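Report on the structure given below.
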Amino acid sequence: MAYPIRSILTGAGMALAAAPGQGGVVASSDAGFVVQASVDVAVAPDAAYALLAEPGRWWNSAHTYSGDARNMVLEAKAGGCFCETLPDKNGKGFSGSIEHARVIYAAPGQRLRLSGALGPLQSEAVTGVLDFAIAARPGGSRVTLTYSVGGYMRAGLAPIAPIVDKVLVEQLDGYKRAADSKG
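FYI, in mature numbering (1 follows the signal peptide of the UniProt record, and there is no 0) the residues of the sequence shown are -17 to -1, 1 to 166.
Written as structure tokens, this is what we have:
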């Protein structure tokens, strides 16, 4: 059964490569989904990779628990945390933190892969793999985001797939703006 999904992913990846900034639900069922999007950026692969480790520069604050993307960090090495600090709202010091994902594969200038259930998926019995593949292209790099999620969600995973896709495309668009302003 993995063969048809692999074929779908390959075909979708080729289609998305021609449409930077576009996303899509590649596969979806109540057991899981895959979303994928690509952007072309005007920086070399090493700089594209380095920017991934600065989510505070490109992640939309509306999609954080703290309300401020500057509270997010990503340590781009195996075991590194994609985490968010919750600000002290009552003057008593540190008030909390969130682990969004954990880095499971880090190859500077090539790929950054994380394991974690993002946003509302965190409270469900699901796991996700967020992969950023970086490829050199004339004038910069192509960054392809793929998020594969599987497991059990009370309402089923298929209904949330297009919402997750929209949110991740928004993040990738923010990443592109930050990369292009840097380059």
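Built from N, CA and C at the ideal position, the CB exists for glycine as well.
The structure displayed is predicted, hence computed values, not measured ones.
Using a Cβ-Cβ cut-off of 7 Å, state whether residue i counts as contacting chain D.
i, result
"glycine 102", "Going by chain labels, chain D is absent from the structure shown, which holds only one protein chain."
Around the C-beta of residue i, are 16 or more other C-beta atoms found within 10 angstroms, so that it is buried, or is it exposed?
i, result
"serine 12", "exposed"
"glutamate 82", "exposed"
"glycine 50", "exposed"
"lysine 159", "buried"
"serine 124", "buried"
"methionine -4", "In this prediction, methionine -4 scores a pLDDT of 40, lower than 50, which makes its location untrustworthy; the coordinate-derived value is nonetheless stated afterwards. With fewer than 16 Cβ atoms within 10 Å of its Cβ, methionine -4 is classed as exposed."
"asparagine 43", "exposed"
"isoleucine 146", "exposed"
"serine 21", "buried"
Tell me which residues share the same chain as residue i and place their Cβ nearer than 6 Å to its Cβ, disregarding the 5 neighbours each side in the sequence.
i, result
"tyrosine -15", "Any reading at tyrosine -15 must be qualified, since the residue scores a pLDDT of 35, below 50, and its modelled position is unreliable; no value is offered."
"residue 173", "Only positions -17 to 166 of the chain appear in the structure, and residue 173 is not among them; the question remains open."
Can you tell which of the options has its C-alpha closest to the C-alpha of residue i?
i, options, result
"glutamine 93", "Val17, Lys75, Gln19, Ala33", "Ala33"
"aspartate 114", "Phe16, Glu107, Gly122, Thr129", "Thr129"
Nearer than 6 Å: is that true of the beta carbon of residue i relative to any heavy atom of the ligand GTP?
i, result
"glycine 122", "In the structure on display, the ligand GTP does not appear, and there are no ligands present to speak of."
Open item on the list: Under 8 Å, with one C-beta from each stretch per pair, do the segment 19 to 28 and the segment 111 to 123 reach the 3-pair mark?
Closed with: yes
Open item on the list: Taking 8 Å as the cut-off, does the segment 130 to 150 touch the segment 84 to 92 (at least 3 CB pairs, one atom from each stretch)?
Closed with: no
Task: Runs of beta strand (DSSP E) wholly within the segment 54 to 89 (minimum 3 residues, chain order) - done: 55 to 57, 64 to 68
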